Amino acid sequence: MIETIQWTPELGAGSPTLGIVYGFRIKATGEYRYVGQTTKSLSRRTGQHLSVARSGRKTPFYDWLRKTAREEYEVVVLERVVTSRGDLGLAEIGWITLYRELGDRLLNLSDGGLGPIGVEWSAEQREAARQRSLGRAGVSRPGESNPMWGRRHTDAQKAKWSADRKGTNSGELNPNFGKFGSEHPGYGHTMSDESRRQLSEMRIGERNPNFGKSASAETRAKMSAVRRGRPMPSSVRNAHTRYHTNKGVSKPECRFCVEDAAKNTASESE
Numbered sequence: 032m033i034e035t036i037q038w039t040p041e042l043g044a045g046s047p048t049l050g051i052v053y054g055f056r057i058k059a060t061g062e063y064r065y066v067g068q069t070t071k072s073l074s075r076r077t078g079q080h081l082s083v084a085r086s087g088r089k090t091p092f093y094d095w096l097r098k099t100a101r102e103e104y105e106v107v108v109l110e111r112v113v114t115s116r117g118d119l120g121l122a123e124i125g126w127i128t129l130y131r132e133l134g135d136r137l138l139n140l141s142d143g144g145l146g147p148i149g150v151e152w153s154a155e156q157r158e159a160a161r162q163r164s165l166g167r168a169g170v171s172r173p174g175e176s177n178p179m180w181g182r183r184h185t186d187a188q189k190a191k192w193s194a195d196r197k198g199t200n201s202g203e204l205n206p207n208f209g210k211f212g213s214e215h216p217g218y219g220h221t222m223s224d225e226s227r228r229q230l231s232e233m234r235i236g237e238r239n240p241n242f243g244k245s246a247s248a249e250t251r252a253k254m255s256a257v258r259r260g261r262p263m264p265s266s267v268r269n270a271h272t273r274y275h276t277n278k279g280v281s282k283p284e285c286r287f288c289v290e291d292a293a294k295n296t297a298s299e300s301e
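Right under this line is the structure:
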């Protein structure tokens, strides 16, 4: 049964509802154009959609939302879920599948659900998105202009997010699961010297998360047990001998390789 949500009351007030599956449909024809899920109130989620549309994000749904008058569509509740986030994701998948089979022109980019499933961007799509984002005003809101300026999430909120996301990006749910070598999106990627320098400066001195900290005796014992039996160089010079000299490798960033090369050059000139 489909019920139209009221705009003012908050979803879940006095009820055990965990979340809802909702739909945007055209009033004149009853055709659904978008199906989504939320654990927030429907009025708040709808407001977020409208805000994102006004910011200029380019997706089929937000393009449609910008050019369609508010009086022409309505937002309705398709299903209330009281069990778990997993069931909420499955409910969304079911409604998206149903309306696609009925012929409604849904503007969803994926099949719904939780986690990174349903859509995988091609290299061309990623490049197009990157080009669109260049020079876009209002994307970065540093300092006092950021809505989280001077605020911190509570420990309870952090724990809730951690529990909700646990396992959603592991194993086969990870979009890069089973991808190796040239198939992995990070294959061949190297950081620029400027990026390396910036990362280094971010972790120097007091900005290092471990600054002033020392491992406990228990932690040291665990680290020792993990490394027991593993061949490890006793010094930087020893590592140079093992991994460079003995293997015939010379690296310009290794000062011992540079010193050895200078000595060889000097001896040959004599």
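Heads up: take any position in the sequence shown, counting from 1, add 31, and you land on the numbering used here.
Every residue, glycine too, gets a C-beta built ideally from N, C-alpha and C.
As the structure is a prediction and not an experimental result, all values here were calculated from the model.
Judged by beta-carbon spacing, Val112 lies beyond the 8 Å limit of Arg56, meaning their Cβ atoms are not closer than that value. Bridge pairing for Gly67: Tyr53 [DSSP]. Note that the stretch 82-92 does not touch the stretch 116-134; fewer than 3 beta-carbon pairs, one per stretch, sit closer than 8 Å. In the DSSP assignment, no residue is bridged to Glu237.
Under the DSSP assignment, Tyr104 falls in the beta strand (DSSP E) whose first and last residues are 104-112. Taking 8 Å as the cut-off, the Cβ atoms of Leu81 and Tyr53 do not count as close.
Residue state for Lys282 is assigned as coil, using DSSP reduced to three classes. A straight line joining the alpha-carbon of Asn277 with that of Pro264 spans about 13 Å. In the DSSP annotation of this structure, the continuous segment of the alpha helix (DSSP H) that includes Trp95 starts and ends at 91-98.
In this structure, His220 and Asn207 do not form a Cβ contact; the two beta carbons are roughly 13 Å apart against a cut-off of 8 Å. In this structure Val83 is not in contact with Gly143, their Cβ atoms being roughly 18 Å apart against a cut-off of 8 Å.
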